[in-house]
Every structure is written in C-alpha cells, then in structure tokens.
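Here is the structure we will look at.
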Amino acid sequence: MEKELLIECQRNDRNAQRKVYEKMAGKLYSVCKRYLKNDEDIEEVLADTFYKIFTKLNQLQNHEIFEAWARKIAVNECLQKLRSMKALEISLDVEFVESKEAPTDSISFEKDILKLLNFLPEGCRAIFNLFAIEGYPHKEIASMLSISEGTSKSQLNFARKKLQELLVNHNI
Numbered sequence: 001m002e003k004e005l006l007i008e009c010q011r012n013d014r015n016a017q018r019k020v021y022e023k024m025a026g027k028l029y030s031v032c033k034r035y036l037k038n039d040e041d042i043e044e045v046l047a048d049t050f051y052k053i054f055t056k057l058n059q060l061q062n063h064e065i066f067e068a069w070a071r072k073i074a075v076n077e078c079l080q081k082l083r084s085m086k087a088l089e090i091s092l093d094v095e096f097v098e099s100k101e102a103p104t105d106s107i108s109f110e111k112d113i114l115k116l117l118n119f120l121p122e123g124c125r126a127i128f129n130l131f132a133i134e135g136y137p138h139k140e141i142a143s144m145l146s147i148s149e150g151t152s153k154s155q156l157n158f159a160r161k162k163l164q165e166l167l168v169n170h171n172i
C-alpha cells in the first residue's frame, strides 16, 4: 500500500479511504470467508474491520506492514463475531458439519480446501485458520480464544483428520 495514500487516509480523505477500501476489500473478504459462513456476517465484520482500520490508522507506525495489520484486524473481528454468536464452543468429540453441497473437481485445489473448511465446526475451523493459514502459534491461539494450548493442538489435529477424510472421500 502506498504510504502517501495511507497518510491521506489518516487525514480522513474520503477519496483515499475509498481507494484503500477498493484495494483491500477483496483480500479481507477472503479472510472473513474462512472464518464465517453467512454472507451477512461477513459483510458486517468487513464493515467493522474497515471502520477500525480508518479510525486506528494513526496508531500504525510502519506503513509497510499495513496489509498484515489490516488482516490481523479482520481476523480479530471475525473471532469477536464468532464469540458473540457463541459458535466458538470447542468440543473434542464433535462430528464434522454435514453439508448438502459437496466440493467439485472443477475448482482449484486451494479453493477446494477453503470450501472444505465449511464442513468443520466453527471453533475447529477457527483454530485451523489461525494456525495453518495465519501462522499463529498454539500459545497465542489459546490466549486469543480463552482455551488451553492442548485444546488448540487437539482441535488442529481433529481439523486435519477431517479435512483428510473429506479430501479422500471427494477425490480432491
């Protein structure tokens, strides 16, 4: 992201904010889609994310890390939404979510994996995203979700096993 554009955003320049929104909306939507299923929830979290980005931008010291910073805000907003929905309850014996819609061979492997994440329970999916995609260590995940480190590790293992089963069963 261009430093000048971000400086203009800090000055509440609506044109600059629109440009940042246009450049980042697709990326941040994809992040939110990995955590949330409902389009209305995704749109709500995306709006909250951009509100926070534009109101907290003056706290960002290094403009070079803007995208990572914005992504972290989106992840935190998704987790907050999941907590508010009480969907983040974690269970070690939960079965994976059944869906009428099965992944197809016609889309790319990455999209198939992301689509398969929708078959996982909310909490399990959140932990998989945080660890495997966002790169957070288990200790930080445990802190973020108010769970034990062991629960984070076991849920990641559960997610991996279920994803493997789904990959085999759908020949992906």
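Per full-length UniProt numbering, residue 1 is the first one in the sequence shown, and the count goes up by one each step.
Glycine included, C-beta positions come from ideal geometry on N, C-alpha and C.
query	result
In whole angstroms, give me the CA-to-CA distance for Pro137 and Gln17.	33 Å
Start and end of the alpha helix (DSSP H) containing His138?	His138 to Leu145
In whole angstroms, give me the CA-to-CA distance for Phe54 and Ala47.	11 Å
Should Arg34 and Asn118 be called a contact, given that it needs their Cβ atoms to be closer than 7 Å?	no
DSSP three-state label for Arg160, please.	helix
From what residue to what residue does the alpha helix (DSSP H) around Ile65 run?	Here Ile65 belongs to no alpha helix (DSSP H), and DSSP marks it neither H nor E.
Which of the three DSSP states, helix, strand or coil, is assigned to Met24?	helix
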